[in-house]
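For the sequence shown, position 27 (counting from the first letter as 1) is numbered 27 according to UniProt numbering, and the numbering increases by one without interruption.
Read the structure below first, then the notes.
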Amino acid sequence: MTVAALRAEKHEEWRLSAVGWVRYRANFADAAVPSARRMVELSGARPGQRALDLACGVGVPAHQLAQAVGPTGYVLGVDIAEDMVAGARAWAAGAGLDTVDFRTVPSEHELGVEPRSFDIGTCRAGLQYMVEPGAALRAMKAALRPGGRMVAMTVGSPQRCTSLRILEEVVARHITMPALIPEPDKGVPGTVALSDPADLEALYRDAGFTDVRTEIADHPIVGAESAEEYWDVCEQSAGPFILLLRSIGADLRAAIRADAIATLRAEFDGGPVVMTGETLITVGTS
């Protein structure tokens, strides 16, 4: 598949999932607080600084960045998905944040910003889905002033990510197909495409960042009040999974849903669902 075709495929996946991300923003945003706060801490953000958030989604960690840079600072979030950006703008307006802006961009490396115009760069759970993550990091490096920090979070080991494990186990009981969550395949965008710290750090160094280091820790990924709500989130926010569900019949979709809800209830004792996973948070200096 060509780069252009792969990028078009990813655009479509995020277009499909944007509705779910906007609808269930709180499920993602609330769970993201610990990792987002740690990203901001590692960025060294302080009042008056300018922050650029790549693959901003519906506005995490833009919220935490806005709190750190304060009313004299500025946060710009960019994303390829128009509906994501619209959702982020609506959230910011509702929160009364007038120092935060969101824009759509044509690709991960066409950011539309002036060189050396930001102090901080962030990308939470985005690099692994990008067709050209190295080009994205080079673009972020160009946007940062000398001494600025770039902080990115990706998903670590798939075996330590509860949501990936359960999703694959449930679907595999109903559909004979290659693993939904294969072992990381270098060069192929996906949830665990950058789960090896060495790969992520190499991209940073190739982009020109120095003092590169990675923290590995378990963090919440997404939460829900019930098994039913969690499966609703999956069905409406996971682009590749949305496409899979559309390719099968209604009876099979219903069977997978029933199995998933029963599995989740057993896993979480019938209570709220909180999916955790190993995360890599990598920081480098421009």
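Note that beta-carbon positions come from the ideal geometry of N, C-alpha and C, so glycine has one too.
It should be emphasised that the depicted structure is a prediction, and the values quoted were computed from it without experimental measurement.
Could you give the DSSP three-state label for residue 161: helix, strand or coil? Correct three-state label for residue 161: coil.
Excluding sequence positions up to five away, which residues of its chain have a Cβ less than 6 Å from the Cβ of residue 104? Around residue 104, the same chain offers 82 and 85 as residues with beta carbons nearer than 6 Å, after the five sequence neighbours per side are excluded.
DSSP has residue 284 in a bridge; who is on the other side? Residue 284 is bridged to 150.
By a C-beta neighbour count over all protein chains shown, 10 Å radius and 16 as the cutoff for buried, is residue 242 buried or exposed? Buried, since its Cβ has 16 or more Cβ neighbours within 10 Å.
Go ahead and pull the three-state DSSP assignment for residue 130. Residue state, collapsed to three classes: coil.
What three-state label does DSSP hand residue 218 in the structure shown? Three-state DSSP puts residue 218 in a strand.
List the DSSP bridge partners of residue 56. DSSP output for residue 56 lists no bridge partner at all.
Give the DSSP bridge partners of residue 173, in chain order. None; residue 173 has no bridge partner.
Can you name, in chain order, every residue of its own chain whose Cβ lies under 8 Å from the Cβ of residue 159, other than the five neighbours on each side? Excluding residues within five positions, the ones whose Cβ falls inside 8 Å are 165.
Sequence-distant residues of its chain with Cβ nearer than 6 Å to residue 68 (five each side left out): Leaving aside the five residues that flank residue 68 on each side, the residues in its chain whose CB is nearer than 6 Å to its CB run, in chain order, 40 and 45.
DSSP three-state call for residue 209: helix, strand or coil? Residue 209: coil per DSSP, three-state reduction.
Using a threshold of 8 Å, state whether the C-beta atoms of residue 288 and residue 218 are closer than that. Because residue 288 is not part of the residues shown, which for the chain are 1 to 286, the question remains open.
DSSP-derived helix/strand/coil call for residue 72: It is coil, neither helix nor strand.
Near residue 101, what residues of its chain come up, given a Cβ to Cβ distance below 6 Å and the 5 sequence neighbours on each side ignored? These residues qualify, in order along the chain: 76.
Do the CB positions of residue 221 and residue 163 come within less than 8 Å of each other? Yes, they are a contact pair.
Contacting residues, own chain, Cβ-Cβ under 6 Å from residue 43 (five flanking each side not counted): Answer for residue 43: 120, 149 and 151, listed in chain order.
Would residue 223 and residue 273 qualify as a contact pair, given that the criterion is a beta-carbon distance under 8 Å? Taking 8 Å as the Cβ cut-off, residue 223 and residue 273 qualify as a contacting pair.
Residue 25 classed as buried or exposed, judged by whether at least 16 other C-beta atoms fall within 10 angstroms: Looking at its Cβ environment, which holds 16 or more other Cβ atoms inside 10 Å, residue 25 is buried.
DSSP state of residue 17, grouped into three classes? DSSP places residue 17 in helix when its eight states are reduced to three.
Taking 7 Å as the cut-off, does the CB of residue 202 come closer than this to any heavy atom belonging to the ligand MN? In the structure shown, the ligand MN is absent, as is every other ligand, since no ligand is present at all.
8 Å Cβ cutoff met for residue 51 and residue 138: Against a cut-off of 8 Å, the Cβ pair of residue 138 and residue 51 comes out as no contact.
Select from 10, 117, 15 and 174 the residue whose C-alpha is nearest the C-alpha of residue 146. Closest option to residue 146, Cα to Cα, is 117.
Taking all protein chains shown into account, do 16 or more other C-beta atoms lie within 10 angstroms of the C-beta of residue 122, making it buried, or fewer, making it exposed? Taking all protein chains shown into account, residue 122 has 16 or more neighbouring C-beta atoms within 10 Å of its C-beta and is therefore buried.
Have a look at residue 267 and residue 260 and give me their C-alpha separation to the nearest angstrom. Looking at the two C-alpha atoms, the distance is approximately 10 Å.
Mind checking who residue 275 pairs with in its DSSP beta bridge? Partner(s): 222.
Looking at the structure shown, is residue 196 part of a helix, part of a strand, or coil, going by DSSP? Coil.
According to DSSP, simplified to helix, strand and coil, what is residue 23? In this structure, residue 23 counts as helix in the three-state DSSP scheme.
Considering only residues of the same chain and omitting the five flanking positions on each side of residue 95, which have a CB-CB separation below 8 Å? The residues are 63.
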